[in-house]
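Protein chains in written order, with UniProt numbering: chain Y, 1 to 229; chain U, 1 to 277; chain V, 1 to 407.
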Amino acid sequence: MIEVKDITKKFGRKEVLKGVSFTANKGEITCLIGINGVGKTTILNAIMALTPIHSGQILINGETIKKESFEKITFIPDAITMLPNMRISDAMEFMDDFYNSWNQKRATELLGFFKLKESDRISDLSKGNTAKVNLLLGLAMDVDYILMDEPFSGIDIFSREQIADVFTSHLIEDRGVIITTHEISDIEHLIDKVVLLDNGQVLKEFNAEAVREDEGKSVVDVMREVFKA
Amino acid sequence: MKRYLKLVNFEFNRIAKVYFVLLAIVLVSQFAGVIVESKSYLKEANHMIYEELMPKAEFFLQYGPMSLERVFASIWFFGPIALCIGVVAFYIFLIWYRDWFGKNTFIYRLLMLPTARLNVFLAKLTTILLMTLGFVAFQLILFPIESTILKWMVPKDFRMDMGTLEVIGSFRELQMIIPTSFIEFILYYGAGFAVVTLLFTAIMFERCYRIKGILLGIGYGFLAVVLFFTPILIQEFLQNHYLYPSELLLLEIVMGLIVTCCSIWTSSYLLKKKIRV
Amino acid sequence: MNKYWKLTVVFIVLILTIGAFYITSALSADQYPDFAIEKKSGNENEIDPVVIDGNYYAGSAINEGLTVTSKGSEYKNEQSFLERIDGIGAIESIRKLREEHRNFMRGKSGVPDNYYEDETYLAYGEVDYQVNMLAPEDFRFKISILNKSEGDSNSFEIEVPDSTAFDYMNVDDVQITDGKLMLVTKNMVEGNESVHVYGFDIEKGKMIDQSEIASIENLQENQSGQMIILNETDPMQAHQYVVFHKSILVDVEQPEGYYASEEVSGELVAYNLETGKTETVEVPERFQNLEQTIMFDDGTIYFVEESPKSVTISPYSLKNDTFGKEITFELQDSSGNEGSPEGLKAVAIKNGKVYAVTTILDAKQSAQVLVGSLKTGETLYKGVLKPTEQIVDVKDYSFYITDLQIK
Chain Y
1 MIEVKDITKK FGRKEVLKGV SFTANKGEIT CLIGINGVGK TTILNAIMAL TPIHSGQILI
61 NGETIKKESF EKITFIPDAI TMLPNMRISD AMEFMDDFYN SWNQKRATEL LGFFKLKESD
121 RISDLSKGNT AKVNLLLGLA MDVDYILMDE PFSGIDIFSR EQIADVFTSH LIEDRGVIIT
181 THEISDIEHL IDKVVLLDNG QVLKEFNAEA VREDEGKSVV DVMREVFKA
Chain U
1 MKRYLKLVNF EFNRIAKVYF VLLAIVLVSQ FAGVIVESKS YLKEANHMIY EELMPKAEFF
61 LQYGPMSLER VFASIWFFGP IALCIGVVAF YIFLIWYRDW FGKNTFIYRL LMLPTARLNV
121 FLAKLTTILL MTLGFVAFQL ILFPIESTIL KWMVPKDFRM DMGTLEVIGS FRELQMIIPT
181 SFIEFILYYG AGFAVVTLLF TAIMFERCYR IKGILLGIGY GFLAVVLFFT PILIQEFLQN
241 HYLYPSELLL LEIVMGLIVT CCSIWTSSYL LKKKIRV
Chain V
1 MNKYWKLTVV FIVLILTIGA FYITSALSAD QYPDFAIEKK SGNENEIDPV VIDGNYYAGS
61 AINEGLTVTS KGSEYKNEQS FLERIDGIGA IESIRKLREE HRNFMRGKSG VPDNYYEDET
121 YLAYGEVDYQ VNMLAPEDFR FKISILNKSE GDSNSFEIEV PDSTAFDYMN VDDVQITDGK
181 LMLVTKNMVE GNESVHVYGF DIEKGKMIDQ SEIASIENLQ ENQSGQMIIL NETDPMQAHQ
241 YVVFHKSILV DVEQPEGYYA SEEVSGELVA YNLETGKTET VEVPERFQNL EQTIMFDDGT
301 IYFVEESPKS VTISPYSLKN DTFGKEITFE LQDSSGNEGS PEGLKAVAIK NGKVYAVTTI
361 LDAKQSAQVL VGSLKTGETL YKGVLKPTEQ IVDVKDYSFY ITDLQIK
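Structure, rendered in C-alpha cells:
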C-alpha cells in the first residue's frame, strides 16, 4: 500500500498541496483527477522523492522511500527518462544493467506489442512512440507499484487505444497503479479508485465500481457533482 | 560499488566522443607545432648562415639551439591545453545541467536508480577527475613522440635534446599541470578535486533551491574557503607564524579533507532530501 | 566488445603513464652527482666546520639545492618533502637551531642577527610593529630566552620607549653578558639612522637601560648616510664588541647619465658591550666602497681584498687599536674570470682562521677551497670542491655556491 498522509508543499509563497491524503492499494488502479496545475505531478514526484515536501509523510508498504524501494516502485513521467541519442536497445540495456527487477522477457514482449524497433534512436521517434517506449521502460519491470503521469496527453488516437489496452492486459494484473489525468474518458471503465483533487486538496476519494453499481453513476457524474458544489 | 562503477562507465561514455576529439586536437596541434617551429628555425638558420654569412657559433649565441622549449612557447602547444582546461571547467557544470535541461529529463532516471544518490554524485566527480588525469597522461605520452619528431626534423648540430623531465622542468606553466614530484602531484590534484567537489555542492544548492540556491551555493563556497584557510588566516591575523610550514601544510591538508567531506555530506543530504526534478 | 572498454583503456593508460612518470622522476632524483672537497695539501680536519650551500644546475631544467661538508654532499630533494619545505631559505645555523629547539624556534625569524647562543642560553629578540595607514606604530620588543640546561623558556614583550616618531627599527645583534640581555638596534627617526643599545634584566623581564651608540647627523643636501653592522661569521656567538660601518654617501652623476652613490667618508664605530664605551676607527681610503668585505670576529676587524689570484686580509685589533700585518693567501680563480674579481669568492673568518672558496664550478673548473691561519699567515689547508665522479652525460652542468658557513 502507498499511503500519502497530509502532505503539504509550497512553491515560493504559493501553496500547491494543502494537506493531501489518500491511499493506493496493490492490485488496484488509482486515478488522480483534477484540472491542470492542481498538483497531480507534484504528488507523484513527492512519492518518488523527486521533490521535497514541507510536511506530512509518504509510506510505501509502511516504510519511507529508500534506495531499495526503486526496485519495487517505478515512475513513468510525461517525458522520456532516457537520453535522446540512445537507441531503444541501449535504453533497455541501461535498465537491465541497473535494476534487478528489470524483466527482459517482458520488455521484448512489450516491444512486439507496441510494434517498436529496437534499433531506433529515441530522438527519431514520433511523440506516440516515445510515450510507448517510456511506458515500456516502466512496465517491463517486476515492481509492485507503477506511477504514471498523464500517459495519454498529446498522443494520437491509435496510440491511445494501444496504451489503454495495456491496462486490461496481464501486464498490469495484480500491481498497484497510480495514474494522473485531466481527461478521464479513455480510462473511465478501467479504474478502481478515484481521488478528486482541486486547489491543492482532496475533494473526494471514492471507489469507482461501488459508485457505478450502488448509485448507478459514472465517474464523470460524480466529478460534476463535486466540482459544482 | 558495482552500480557506482557502472555509473562512472556510463558518465564517461557520454562524454567519450568529445573527449577523444579533444585528444586528437591536442595531438595534431602539438605535432604541427613541432613541425612548423622546426621548419621556421631551420629557415632562419639557413638565412642567417648562408645568406647573411653569420658564423655558426654566433648564430647559436644569438638564437640558441632548437629544442622543444621553443615549441612550448608557441600557441600550437598551449592553445590545445587551454582548450582542454576550458572544456573540463565548462563540463563541471554541464555534467549536471545536461540532465535537467532539454526535452529528455534524464535526471528522473538517475534519481530513481536503486542505489544511493550519492553514487550519481561520485560518478560525475570521478568522470571529471578521469578526464583531467587522462589529459595529463596523454600529454606525458606525447612528449617523447614530439621529441622524436624534432629529431627527424632538425639535424643534430642544431638541436638540444631534452627528456620529459627536463621538458617539464624548463617550464613553470607546465609544472603547474604536471609537477615533477609525486607529492606535489597529489597535493595539486587533491586541491583540484576539493574545488570540484565544492562547485558540485554549489550546483546541488542551486538545483534544490534554484535562485535562492545560487546565494546559498555562493554562501557555502565562501564558508568552505574561509574554513579551509582558517589556519593561515589566524596566523596572518595574529602576525605570529607559530606553525612551521610543514605543520601548516599538514593542517591545511586536514582542513581540505574536512571541507571536502563536508561538501560530499551536504551534497548527499541535498540529493536525498531536497532535490527537485 | 565489452562495453567498459573505453573506460578501462583510459584508466589503465592513465595509471601506467602517470605511474611510470613519477617512478622515473623519483629515480632520476638520485642521479644527481655527488660533490666533495678533495684535499690537495694541509690538515683535512681544518675543513670539518665548513658548510657550503649551493645550487646544482644542468641544462635549463635542473636546479637543485645541495649542501657540501667534509662528509660529502646532500641534495635538498633527498630530504623528505616536509623537511624540505621547513628548510626553504634557511641557512645552516638556523636549520640547526630549529632541529634542536623546535618548540622554542616557533614563529621566530630566520635571521641569525636576532639570536644569541652560548652554553646556557639561547636568546631571541626582535622588534614588532603594526603598520597602519599612515605610519608604523606600536613598536614592541619581543624577547624570548631559553635556558638550555634547565629546558625552560620565558618570553616577554616590552614597549619601545619614545618610539612614536619611529619610521623603522631593526634588531642587529643580541647579546647576553652577566645576566643582562642587550639588543643592539638600528632606529630610523625622520630619515636619520642611529644605533642604540637596550639592556634587559632576564630574570625580571624588564628594561634596565638604553643608550645611543652612534648616529648620522649634519648631512648635506645631496648626501645620505648609512650604518651597517659588520659581517660576522657567527653573529650568534658571544662577543665583546659590536661594530658598525658608518658611511656618508653622495650622489654622483656617472658618464652614462645615471646617478650612483659614492662613499665620501667612512668610519667604523665599535661599541664595547662590557664597558659601554665607543671607539671610532677611520676606514683607510683603499677600503672605502668595499663595505661588504669588512668582517669582524672576536675583537678584530678584518679588511678583506680579493683579486683573481688571491685573498688579502688586513686585521685591525680593537684591543690594541692597531693594524696587524697584512696577510695574503693564494687562491686562484679559474682562468676565464679575470674581468670581475669581486663576488667570485666566498670568504668567512672565524677563530683566527680564514676560510675561502671560489664560488663557481663546472665541467672546466673546480672550486678552490682554502683555510689559512690569520695568526701565522700559514695556509692550513688547500683543496678543491668537485664531483666525486667525472660527470660525463651532462655537458653544461654547473654548481654555484650561495653560502659559506663555519660551524
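Cβ coordinates follow ideal geometry from the N, Cα and C atoms, glycine included.
Given the structure is predicted, the values throughout are model-derived calculations rather than measurements.
Helix, strand or coil for Ile391 (chain V) per DSSP? On the third sequence, residue 391 (chain V) is found 391 positions in, with the first residue counted as 1. Ile391 (chain V) falls in the coil class under three-state DSSP.
Do the region 227-234 of chain V and the region 292-311 of chain V touch if we need at least three Cβ pairs shorter than 8 angstroms? yes
Residue nearest to Val195 (chain U) in terms of C-alpha spacing, selected from U:Met255, U:Phe60, U:Lys272, U:Ala32: Working through the second sequence from its first residue, we reach residue 195 (chain U) at position 195. The option with the nearest alpha carbon to Val195 (chain U) is U:Met255.
In chain order, what residues of the region 101-123 of chain U put their CB closer than 8 angstroms to some CB of chain Y? Gly102, Lys103, Asn104, Thr105, Phe106, Tyr108, Arg109, Leu111, Met112, Leu113, Pro114, Thr115, Ala116, Arg117
Look at the alpha carbon of Ala57 (chain U) and the alpha carbon of Ile49 (chain U), and state the distance between them as a whole number of angstroms. Position 57 of the second sequence, counted from the first residue, corresponds to residue 57 (chain U). Position 49 of the second sequence, counted from the first residue, corresponds to residue 49 (chain U). Distance between the alpha carbons of Ala57 (chain U) and Ile49 (chain U) is about 10 angstroms.
What are the start and end residues of each continuous beta strand (DSSP E) run of 3 or more residues lying completely inside the region 32-65 of chain Y, in chain order? 55-60
For Glu117 (chain V): DSSP bridge partner residues: If you number the third sequence from 1, residue 117 (chain V) lands on position 117. Partner(s): V:Leu122.
8 angstroms CB neighbourhood of Val252 (chain V) in its chain, flanking five on each side removed: Stepping through the third sequence from its first residue, residue 252 (chain V) is reached at position 252. Excluding positions up to five away in sequence, the list reads Tyr259, Ala260, Ser261, Glu262.
Taking Cβ positions only, does Val277 (chain U) come closer than 8 angstroms to chain Y? Residue numbering aside, residue 277 (chain U) sits at position 277 when the second sequence is read from its first letter. Closer than 8 angstroms: yes.
Counting only beta-carbon separations shorter than 8 angstroms, does Val136 (chain U) have a partner in chain V? In the second sequence, the residue the question calls residue 136 (chain U) occupies position 136. Answer yes: the Cβ-Cβ gap between Val136 (chain U) and chain V drops below 8 angstroms somewhere.
What are the complete beta strand (DSSP E) segments, minimum 3 residues, inside the region 138-190 of chain V? 152-159, 166-177, 180-189
Could you tell me the distance, in whole angstroms, from the CA atom of Thr17 (chain V) to the CA atom of Lys117 (chain Y)? By one-based count along the third sequence, residue 17 (chain V) stands at place 17. By one-based count along the first sequence, residue 117 (chain Y) stands at place 117. Approximately 43 angstroms, taken between the alpha carbons.
Test: Gly339 (chain V) CB closer than 8 angstroms to a CB of chain U: By one-based count along the third sequence, residue 339 (chain V) stands at place 339. For Gly339 (chain V), the predicted structure reports a pLDDT of 47, less than 50, and the residue's modelled location is therefore unreliable. The matter cannot be settled from this model.
Could you check if Phe35 (chain V) is buried or exposed, using at least 16 other CB atoms within 10 Å of its CB as the buried criterion? Here residue 35 (chain V) refers to the residue found at position 35 when the third sequence is read from its first residue. Around the beta carbon of Phe35 (chain V), 16 or more other beta carbons sit within 10 angstroms, so the residue counts as buried.
Quick check: the Cα distance between Thr74 (chain Y) and Leu147 (chain Y), rounded to an integer number of angstroms? Residue mapping note: residue 74 (chain Y) aligns to position 74 of the first sequence, counting from 1. Residue mapping note: residue 147 (chain Y) aligns to position 147 of the first sequence, counting from 1. In a straight line, the C-alpha of Thr74 (chain Y) is about 6 angstroms away from that of Leu147 (chain Y).
Since Lys309 (chain V) contacts Glu330 (chain V) with CB under 8 angstroms, what's their CB separation in whole angstroms? Walking along the third sequence from the start, residue 309 (chain V) turns up at place 309. Walking along the third sequence from the start, residue 330 (chain V) turns up at place 330. With a Cβ gap of about 6 angstroms, Lys309 (chain V) and Glu330 (chain V) count as contacting.
Just mark Ser335 (chain V) as buried or exposed, buried being the case when its beta carbon has 16 or more other beta carbons within 10 Å. Numbered from 1 along the third sequence, position 335 holds the residue referred to as residue 335 (chain V). Residue confidence for Ser335 (chain V) is low, a pLDDT of 49 falling below 50, so the modelled location carries little weight; the figure read from the coordinates is stated next. Exposed, because fewer than 16 other Cβ atoms sit within 10 Å of the Cβ of Ser335 (chain V).
Enclosing beta strand (DSSP E) for Lys345 (chain V) [first to last residue]: Translated into the one-based positions of the third sequence, residue 345 (chain V) becomes position 345. 345-350 is the extent of the beta strand (DSSP E) around Lys345 (chain V).
CB-CB length for Glu146 (chain U) against Leu68 (chain U), believed under 8 angstroms: For this step, residue 146 (chain U) is matched to residue 146 along the second sequence. For this step, residue 68 (chain U) is matched to residue 68 along the second sequence. With 8 angstroms as the limit, Glu146 (chain U) and Leu68 (chain U) qualify as a contact, their Cβ atoms being about 6 angstroms apart.
Going by the beta-carbon positions, is the gap between Ile179 (chain Y) and Ile29 (chain Y) smaller than 8 angstroms? Position 179 of the first sequence, counted from the start, is the residue given in the question as residue 179 (chain Y). Position 29 of the first sequence, counted from the start, is the residue given in the question as residue 29 (chain Y). Cβ atoms of Ile179 (chain Y) and Ile29 (chain Y): closer than 8 angstroms.
Can you name, in chain order, every residue of its own chain whose Cβ lies under 7 angstroms from the Cβ of residue 436 (chain V), other than the five neighbours on each side? The question about residue 436 (chain V) has no answer, for chain V in this structure spans 1 to 407.
Short check: CB of Tyr124 (chain V) to CB of Ser93 (chain V), under 8 angstroms? Taking the third sequence and counting its residues from 1, one reaches residue 124 (chain V) at position 124. Taking the third sequence and counting its residues from 1, one reaches residue 93 (chain V) at position 93. Going by C-beta atoms, Tyr124 (chain V) is not nearer than 8 angstroms to Ser93 (chain V).
Enumerate in chain order the residues of its own chain whose CB-to-CB distance from Leu7 (chain U) is below 7 angstroms, with the five nearest sequence positions on each side excluded. Along the second sequence, one-based indexing puts residue 7 (chain U) at 7. Here the set comprises Asn119, Val120, Ala123.
Cβ-based burial, Cys84 (chain U) [other Cβ within 10 Å; buried from 16]: In the second sequence, counting from the first residue as 1, residue 84 (chain U) sits at position 84. Buried, by the Cβ-count rule.
For Leu270 (chain U), count neighbouring C-beta atoms within 10 Å of its own C-beta (all shown protein chains included) and say buried if the count is 16 or more, exposed if not. Taking the first residue of the second sequence as position 1, residue 270 (chain U) is located at position 270. With 16 or more other Cβ atoms within 10 Å, it is buried.
With three or more C-beta pairs closer than 8 angstroms as the rule, is the region 146-165 of chain Y touching the region 41-48 of chain Y? yes
Kindly list, in the order they appear in chain Y, the residues whose Cβ is closer than 7 angstroms to that of Arg3 (chain U). Here residue 3 (chain U) refers to the residue found at position 3 when the second sequence is read from its first residue. Simply Phe98.
Across the region 152-171 of chain U and the region 59-75 of chain U, are there enough close Cβ pairs to call them in contact, namely three or more that are closer than 8 angstroms? yes
So the candidates are V:Ser224, V:Thr275, V:Leu268, V:Ala270; which of them puts its Cα closest to the Cα of residue 411 (chain V)? Because chain V in this structure spans residues 1 to 407, residue 411 (chain V) falls outside the shown range and cannot be described.
Which value, in whole angstroms, describes the spacing of the CA atoms of Glu137 (chain V) and Tyr129 (chain V)? The residue you call residue 137 (chain V) lines up with position 137 of the third sequence. The residue you call residue 129 (chain V) lines up with position 129 of the third sequence. Roughly 6 angstroms between the two C-alpha positions.
Does the region 160-178 of chain Y come close enough to the region 20-40 of chain Y to have 3 or more Cβ pairs within less than 8 angstroms? The region 160-178 of chain Y is in contact with the region 20-40 of chain Y.
For Val71 (chain U), does the three-state DSSP call read helix, strand or coil? The sequence position of residue 71 (chain U) within the second sequence is 71, counting from 1. The answer is helix: DSSP assigns Val71 (chain U) an H, G or I state.
Determine the contact status of Val369 (chain V) and Gly352 (chain V), defining contact as a CB-CB distance below 8 angstroms. The sequence position of residue 369 (chain V) within the third sequence is 369, counting from 1. The sequence position of residue 352 (chain V) within the third sequence is 352, counting from 1. No, they are not a contact pair.
With distance defined between alpha-carbon atoms, name the residue in V:Gly72, V:Glu83, V:Glu44 nearest to Leu248 (chain U). Residue numbering aside, residue 248 (chain U) sits at position 248 when the second sequence is read from its first letter. Comparing Cα-Cα distances from Leu248 (chain U) to each of V:Gly72, V:Glu83, V:Glu44, the minimum goes to V:Glu83.
Determine the DSSP secondary structure at Gln254 (chain V), reduced to helix, strand or coil. To locate residue 254 (chain V), count along the third sequence from 1; it is residue 254. It is coil, neither helix nor strand.
Ile15 (chain U) versus Leu187 (chain U): straight-line alpha-carbon distance, rounded: In the second sequence, the residue the question calls residue 15 (chain U) occupies position 15. In the second sequence, the residue the question calls residue 187 (chain U) occupies position 187. Looking at the two C-alpha atoms, the distance is approximately 27 angstroms.
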